[in-house]
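Below is one structure; the comments refer to it alone.
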Amino acid sequence: VHWTSGLRKAVFGAVIPMSMLVALTACGNGEPAASPPRPVLVARADAAAGPWPVAASAFAGEIRAREETTLSFRVGGKLARRFVDAGDRVRKGDVLAELDPEDLRLQSDGFEAQFVAAEAQLARTRADHARFAALAKDQLVSRSSLDQQTAALRAAEGQARAARAQRDVARNQSGYASLLASADGVIATRIAEVGQVLAPGQTVFSFVVEGEREVAFALPESNIREFRVGQAVLVELWNSEAPPLPAKIREISPVADPITRTYAARASLAPEHVDAVALGQSARVFIVGAG
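Going by the working numbering, the first residue of the sequence shown is number -10, and it counts up by one from there.
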């Protein structure tokens, strides 16, 4: 009993202050207290944010060169020396790398020796044919013997021509031990290293030819018919606050990418804007009236 009365006192002691709080709250004008104001961020929606109309569609792109190629040796061998690195500017005809020339030199010497032997054989066969021709004129040898000498002479002449051609090819291959720049441009990437054994045609450098610059981007399959070659576009560089550059679509791939289902496209920049862009720079292409 004493425990129950004590519990009741504790409960009533807790309830009374709460009832007093409710009564004090109701003693006002009967309206709930106003909540404190909350700060908000307000942004105005502009009709056109930038120098292009609202109807312009934007596509991500990348600045590329009009002509991009790979450089490789026409013959195989061990890469002995490399004279340029990625980012170096080169002029047409500059030596970029060299193969070990020893094997090519020995091969050239071998074909040169074969050519000399073939020429000597041809000279001897010509002398034999001339002697048999004189004997046949005096009817000292049969006509068939002269025919055999004539056939031997034709064969020797063919062997001499083949040996001469092989010698010339070997000489040219000796010259192919040096990799030359095909035009003025920039070495984009270095792929092969000194000491590496290369096969004929294996890429040594990727090369960007000096000249026109373009932006490569992809067009969606859903409205590909809205785009055409020669269409004017605006190119905005992501890391530049300069005004967008005018360009024109130069090409649109006729086949969609099998994975992304987009059509590769390129837009050419005017020649006066070449110095304003850098290779590999990110850009956005805006096309008015698309989408």
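Just so you know, even glycine gets a beta-carbon here, dropped at the ideal spot from N, CA and C.
Problem - Through-space distance from leucine 187 to leucine 234, alpha-carbon basis - result: Cα to Cα, leucine 234 sits roughly 43 Å from leucine 187.
Handout entry: Local Cβ density within 10 Å of alanine 36, reported as buried at 16 or more and exposed below that
Key = At alanine 36 the pLDDT is 37, less than 50, meaning the model places this residue with poor confidence and gives no usable figure here.
Exercise for the section: Out of Asp173, Glu201, Gly147, state which residue places its alpha-carbon closest to the alpha-carbon of glycine 82. Expected result: When each option's Cα is compared against that of glycine 82, the closest is Asp173.
Exercise for the section: Could you tell me the boundaries of the beta strand (DSSP E) in which alanine 54 lies? Expected result: Element bounds for alanine 54: 46 to 54.
Handout entry: DSSP-derived helix/strand/coil call for lysine 126
Key = Note: lysine 126 maps to helix in three-state DSSP.
Problem - Buried/exposed call for threonine 114, threshold 16 Cβ in 10 Å - result: Counting Cβ neighbours within 10 Å, threonine 114 comes out buried, since at least 16 surround it.
Exercise for the section: Confirm, please, whether the CB-CB distance from valine 224 to valine 274 is below 8 Å. Expected result: Closer than 8 Å, so yes.
Practice task
For the alpha helix (DSSP H) holding serine 163, just list the boundary residues, first then last.
Solution key: According to the DSSP assignment, serine 163 belongs to the alpha helix (DSSP H) that extends over 132 to 164.
Exercise for the section: Counting only runs of 3+ residues fully inside the stretch 196 to 228, write out the beta strand (DSSP E) ranges in chain order. Expected result: The beta strand (DSSP E) runs of length 3 or more contained entirely in the stretch 196 to 228 are, from start to end of the chain, 202 to 209, 221 to 226.
Practice task
Would you kindly report the start and end of the unbroken beta strand (DSSP E) that includes serine 257?
Solution key: For serine 257, the enclosing beta strand (DSSP E) starts and ends at 251 to 258.
Exercise for the section: List the DSSP bridge partners of lysine 67. Expected result: Beta-bridge analysis with DSSP links lysine 67 to Val186.
Handout entry: Nearest-angstrom beta carbon gap, alanine 159 and serine 97 [assumed within contact, 8 Å]
Key = Yes, they are in contact, since the Cβ atoms of serine 97 and alanine 159 sit about 4 Å apart, within 8 Å.
Handout entry: Touch test, the stretch 110 to 129 against the stretch 65 to 83, Cβ-Cβ under 8 Å, three pairs minimum
Key = Taking 8 Å as the limit for Cβ pairs, the verdict is that the stretch 65 to 83 does not touch the stretch 110 to 129.
Exercise for the section: Find the nearest neighbour of proline 189 within the set Gly200, Leu208, Thr178, Ala166, judged by alpha-carbon distance. Expected result: Residue Ala166 is the option with its Cα nearest to proline 189.
Exercise for the section: Using DSSP bridges, identify the partner residues of leucine 93. Expected result: DSSP, once it has assigned bridges, lists no residue as partnering leucine 93.
Exercise for the section: Look at the alpha carbon of leucine 258 and the alpha carbon of aspartate 89, and state the distance between them as a whole number of angstroms. Expected result: Going from the Cα of leucine 258 to the Cα of aspartate 89 covers about 42 Å.
Handout entry: Helix, strand or coil at leucine 283 [DSSP, three-state]
Key = The structure shown does not extend to residue 283, since the chain is modelled only from -10 through 280, so no value can be given for it.
Exercise for the section: Measure the C-alpha to C-alpha separation of alanine 47 and alanine 170 and round it to an integer number of angstroms. Expected result: Approximately 37 Å between the Cα atoms of the pair.
Handout entry: Beta-carbon spacing of leucine 68, phenylalanine 194 below 8 Å
Key = For the 8 Å CB-CB criterion, leucine 68 and phenylalanine 194 do not form a contact.
Practice task
Flag this pair as yes or no: are the beta carbons of alanine 289 and valine 222 separated by less than 8 Å?
Solution key: What is shown of the chain runs -10 to 280, which leaves residue 289 out entirely.
Problem - Opening and closing residue of the beta strand (DSSP E) in which phenylalanine 275 lies - result: DSSP places phenylalanine 275 inside the beta strand (DSSP E), whose first and last residues are 271 to 276.
Practice task
Apply the 10 Å Cβ neighbour rule to arginine 70 and answer buried if 16 or more other Cβ atoms are within range, or exposed otherwise.
Solution key: Label assigned to arginine 70: exposed.
Handout entry: Residue range of the beta strand (DSSP E) that includes valine 175
Key = Where valine 175 is concerned, the enclosing beta strand (DSSP E) stretches over 174 to 179.
Handout entry: Paired residues, beta bridge with phenylalanine 194 - DSSP
Key = DSSP output for phenylalanine 194 lists Leu60, Arg179 as bridge partner(s).
Practice task
Confirm, please, whether the CB-CB distance from glutamate 203 to arginine 250 is below 8 Å.
Solution key: One thing to note: arginine 250 has its Cβ no nearer than 8 Å to the Cβ of glutamate 203.
Problem - Distance between proline 247 and isoleucine 52 (C-alpha atoms, nearest Å) - result: If you take the alpha carbons of isoleucine 52 and proline 247, they lie about 23 Å apart.
Practice task
Evaluate phenylalanine 72 with the Cβ neighbour count: other Cβ atoms within 10 Å of its Cβ, from every protein chain shown; 16 or more gives buried, anything less gives exposed.
Solution key: Result: exposed.
Practice task
Express the C-alpha separation of alanine 49 and proline 232 in angstroms, rounding to a whole number.
Solution key: Take the alpha-carbon of proline 232 and the one of alanine 49: they are about 17 Å apart.
Practice task
Measuring alpha carbon to alpha carbon, tell me which of Glu230, Ser131, Leu268, Ala149 ends up nearest glutamate 57.
Solution key: Closest in C-alpha terms to glutamate 57, from the list Glu230, Ser131, Leu268, Ala149, comes Leu268.
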